[in-house]
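For reference, the structure discussed in these notes is given below.
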Amino acid sequence: DAKTTQPNSMESNEEEPVHLPCNHSTISGTDYIHWYRQLPSQGPEYVIHGLTSNVNNRMASLAIAEDRKSSTLILHRATLRDAAVYYCILMYNNNDMRFGAGTRLTVKP
Amino acid sequence: GAGVSQSPSNKVTEKGKDVELRCDPISGHTALYWYRQSLGQGLEFLIYFQGNSAPDKSGLPSDRFSAERTGGSVSTLTIQRTQQEDSAVYLCASSLHGGGRGVEQYFGPGTRLTVT
Numbered sequence: 835d836a837k838t839t840q841p842n843s844m845e846s847n848e849e850e851p852v853h854l855p856c857n858h859s860t861i862s863g864t865d866y867i868h869w870y871r872q873l874p875s876q877g878p879e880y881v882i883h884g885l886t887s888n889v890n891n892r893m894a895s896l897a898i899a900e901d902r903k904s905s906t907l908i909l910h911r912a913t914l915r916d917a918a919v920y921y922c923i924l925m926y927n928n929n930d931m932r933f934g935a936g937t938r939l940t941v942k943p
Numbered sequence: 033g034a035g036v037s038q039s040p041s042n043k044v045t046e047k048g049k050d051v052e053l054r055c056d057p058i059s060g061h062t063a064l065y066w067y068r069q070s071l072g073q074g075l076e077f078l079i080y081f082q083g084n085s086a087p088d089k090s091g092l093p094s095d096r097f098s099a100e101r102t103g104g105s106v107s108t109l110t111i112q113r114t115q116q117e118d119s120a121v122y123l124c125a126s127s128l129h130g131g132g133r134g135v136e137q138y139f140g141p142g143t144r145l146t147v148t
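Here the protein sequences come in this chain order: E and G.
Residues in the first sequence are numbered from 835 upward in steps of one, following the working numbering.
Residues in the second sequence are numbered from 33 upward in steps of one, following the working numbering.
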């Protein structure tokens, strides 16, 4: 099974960009890369997803390495409300998402 | 519009009792998923429904766990003879379509189950 590796925690200052890395060296050619985040006491929230090309939406950008073995979620200006656990997930089989431990992002004012 | 709702929000039960957890997906969403999250852990996939059928039950941890979905809408997760290790937050999600790999899932707020 393809797995992802993320740092346990990261810190950022408010209004600065944040780059959250994810390694997925065993990714297969048809795996999509999804990012979700989970705020305290809430269910996960979809952030962004992509396959090969970089993606942008209102929440974030996703930069995917050319060999697809890694990706980076970019929050362009962190706010206090972005403090959450961020999960990088590979979708490979009928929507069966396997969540890892994720990266706990702390945003300092 | 209304999101995914789950009930109850909290459930405390005695070891050995059966519990039912309910999920109301977003109207029109054909796919529905159950996950559970133990304290401080990531999410663990339990089961996936496409319409009323469950093509993937691989995540159910034991035969004490079962789930059904009726009318392509509401789903119920049943845990029989609850054990203390069943204590967790049970999360439900739905998506517009199933079977694809680029599909966004919308999560409910979860049901916190405590088995005493």
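Note that CB positions come from ideal geometry on N, CA and C, so glycine has one too.
### Message
With a threshold of 7 Å on Cβ separation, who are the neighbours of E46 (chain G) within its own chain once the five nearest residues in sequence on each side are excluded?
### Response
Result list for E46 (chain G): T148, in chain order.
### Task
Assuming P855 (chain E) contacts T913 (chain E) (C-beta within less than 8 Å), just tell me the rounded distance between them.
Going by Cβ atoms, the distance from P855 (chain E) to T913 (chain E) rounds to 20 Å, so no, they are not a contact pair.
### Query
Is the stretch 34-43 of chain G in contact with the stretch 90-102 of chain G, if contact means three or more CB pairs nearer than 8 Å?
No contact exists between the stretch 34-43 of chain G and the stretch 90-102 of chain G.
### Task
Starting from the N-terminal side, write out each stretch of the beta strand (DSSP E) that is 3 residues or longer and does not extend beyond the stretch 862-911 of chain E.
Fully enclosed beta strand (DSSP E) runs of 3 or longer: 866-872, 879-884, 895-898 and 904-909.
#### Entry: 3-residue-minimum beta strand (DSSP E) runs that sit fully inside the stretch 60-141 of chain G, ordered along the chain
Fully enclosed beta strand (DSSP E) runs of 3 or longer: 63-69, 75-82, 85-88, 97-101, 107-111 and 120-127.
### Task
Using alpha carbons as the reference points, say which of E:Y926, E:R932, E:Y920 and E:L924 lies closest to N842 (chain E).
Measuring from the Cα of N842 (chain E), the nearest candidate turns out to be E:Y920.
### Message
Closest to P57 (chain G) by C-alpha separation, out of G:L78, G:I111 and G:G103, would be which residue?
### Response
Minimum Cα distance to P57 (chain G) is reached at G:G103.
### Message
At a CB distance below 9 Å, what residues from the stretch 849-883 of chain E approach chain G? Give them in sequence order.
### Response
Flagged, chain order: T864, D865, Y866, H868, Y870, Q872, S875, Q876, G877, P878, E879, Y880 and H883.
#### Entry: Proximal chain E residues relative to P57 (chain G), where beta-carbon distance stays under 9 Å
Per Cβ cutoff of 9 Å: no residues; P57 (chain G) is ~13 Å from chain E at best.
### Task
Note the first and the last residue of the continuous beta strand (DSSP E) segment covering K837 (chain E).
Careful: K837 (chain E) lies outside any beta strand (DSSP E) and carries neither H nor E.
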